[in-house]
Structure formats: C-alpha cells, structure tokens
Amino acid sequence: MKIKSIVLFFLVLSCLSVKQNNNNEIYNIINNEIEFASSFSNNNKIIIYLNQNQYLIDFLKQVKANDFEKIKQLDLEKDVMSSYFNKSNINYVLMEAKNQKSISLKKIKLSKDQQVVTSKKITTKEFLKNASVYKIYLSKPLMSQSKNFAVISYSRGFDNSLEGGIAIYRKSKYNWERLNVLDGWIE
Numbered sequence: 001m002k003i004k005s006i007v008l009f010f011l012v013l014s015c016l017s018v019k020q021n022n023n024n025e026i027y028n029i030i031n032n033e034i035e036f037a038s039s040f041s042n043n044n045k046i047i048i049y050l051n052q053n054q055y056l057i058d059f060l061k062q063v064k065a066n067d068f069e070k071i072k073q074l075d076l077e078k079d080v081m082s083s084y085f086n087k088s089n090i091n092y093v094l095m096e097a098k099n100q101k102s103i104s105l106k107k108i109k110l111s112k113d114q115q116v117v118t119s120k121k122i123t124t125k126e127f128l129k130n131a132s133v134y135k136i137y138l139s140k141p142l143m144s145q146s147k148n149f150a151v152i153s154y155s156r157g158f159d160n161s162l163e164g165g166i167a168i169y170r171k172s173k174y175n176w177e178r179l180n181v182l183d184g185w186i187e
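With the numbering used here, the residue at position 45 of the sequence shown is 45, and numbering never jumps.
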C-alpha cells in the first residue's frame, strides 16, 4: 500500500510538472513574438492586446474544413506538416483552445514603453487617444500534441497600417524558433 501511494504521488507530481512546463513554453512564445513585433516599432510606445484567440481558432477550423488544401500549397517543411497540420493534431489543438485559461500578465516581459490592455472593448476615446501608438495584437499560442510546434496569431503596426498572420514556431534545443507565417495580410 505504501509503495502504491509513493508511486501515485510521483505520478501526480510529474503531471503537474509537465503542465507547468507547457505553461512556461506558452509564455516563451508570447515573449518571443512581442520582442519580434517590437523591433518594428521605431522605439514608439507600444500597446499589446491579447485578443486574437478567435482569429486563430477560426483559421484552424477553416484549414481543417478544407482538408488542409490551403496549407498543402505552402512550402512548409515536412515535419511541420506531419506534426501540426493533420486532423488528429488540429482536433487536439481546437479542444485545447476551448479549455485555455487566461494569460497571466506577470509572466509577460515588458519594457517601460510597453503596456498590456486586457479589456475586450475599446472606447472611441481610447481609440483616438492611442491612434499614433504602435500596437501588437496576439492570441495565446496553440501547441501541437508533441509540444514541438506552436502557432500564434498576431497583428502589429499603427492604426490603418497593420500587418499580421499566423506565425509557426518550432521548439529547438533551448528556445522557440519562428519558422514561417501563414495567412499573412497587410492593411
């Protein structure tokens, strides 16, 4: 009985550790994307909105519904295609998206010129006040079952002058590497 209790304890502990690791990986990707997007800001004040989740979910649902035709036309590496863009993984990712918890602002690395806005509605007054501020819009990253790949939706720029898409990240030995952009657009 005592041995079973000890084994059960370590099993639960290892599950909690894996969940914490995955959570840290999500923040590594968010912080990488903020750093990458900030490099285009010309040292302007930056406002970061964490409101792109539905865009990413809708994109993945569309990709799945069209039997991955849009993705197959892109020149993606084989391991990205086989690990992320397959029915089993997309089903997993969409299920995970439904169960996502909100992002902890404490784990996002910000400089003194950056601020995160968490409110979903932006008033006209706020919009006009911040019209000349560089903006970054992000989703929460969605990781593959293997935890080797992730996608994150982003938009960045100034009002009436934005660009965005879906960035693909691959886990390398020590960090997350930005590989490619899907569904890119310029406004």
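C-beta atoms are modelled at their ideal positions from N, C-alpha and C, and glycine is treated no differently.
What are the boundary residues of the alpha helix (DSSP H) that includes residue i?
i, result
"Val198", "Coverage of the chain is limited to positions 1 through 187, which leaves residue 198 absent and any answer about it impossible."
"Ala167", "That residue, Ala167, is in no alpha helix (DSSP H); its beta strand (DSSP E) goes Ser161 to Lys171."
"Ile186", "Looking at the DSSP string, Ile186 is not in any alpha helix (DSSP H); the run it does join, the beta strand (DSSP E), is Trp176 to Ile186."
"Ser82", "Lys78 to Ser83"
"Ser88", "Lys87 to Lys98"
Going by alpha carbons, who is nearest to residue i out of the options?
i, options, result
"Lys101", "Ser139, Ile48 and Asp113", "Ser139"
"Phe40", "Pro141, Ile168 and Val133", "Val133"
"Asn160", "Val93, Leu56, Phe68 and Trp185", "Trp185"
"Asn24", "Tyr55, Ile108 and Val116", "Ile108"
"Lys112", "Ile46, Asn32, Ile29 and Asn31", "Ile46"
"Lys173", "Asn43, Val63, Phe68 and Lys147", "Lys147"
Rounded to the nearest angstrom, what separates residue i and residue j at their Cα positions?
i, j, result
"Leu179", "Leu128", "35 Å"
"Ile188", "Thr118", "The structure shown does not extend to residue 188, since the chain is modelled only from 1 through 187, so no value can be given for it."
"Gly157", "Asp79", "31 Å"
"Ile71", "Phe85", "8 Å"
"Glu256", "Asn91", "This structure cannot settle anything about residue 256, because the visible part of the chain is limited to 1 through 187."
"Ile168", "Gln115", "24 Å"
"Lys64", "Lys171", "23 Å"
"Ser153", "Asn43", "23 Å"
"Asn66", "Val151", "18 Å"
"Asp75", "Met81", "10 Å"
"Leu48", "Phe36", "Per the sequence presented here, residue 48 reads as Ile, with Leu not at that position. For Ile48 and Phe36, the distance between alpha carbons rounds to 13 Å."
"Phe68", "Lys106", "36 Å"
"Asp58", "Ile30", "20 Å"
"Leu56", "Ala97", "9 Å"
"Lys135", "Leu110", "13 Å"
Are residue i and residue j close, meaning C-beta to C-beta below 8 Å?
i, j, result
"Leu162", "Glu187", "yes"
"Ser144", "Ser88", "no"
"Gln62", "Tyr137", "no"
"Val93", "Leu50", "no"
Taking the continuous beta strand (DSSP E) assigned at residue i, which residues delimit it?
i, result
"Ile71", "Element bounds for Ile71: not the beta strand (DSSP E) but the alpha helix (DSSP H), Glu69 to Lys72."
"Lys135", "Tyr134 to Leu138"
"Phe158", "Phe149 to Phe158"
"Ile46", "Ile46 to Tyr49"
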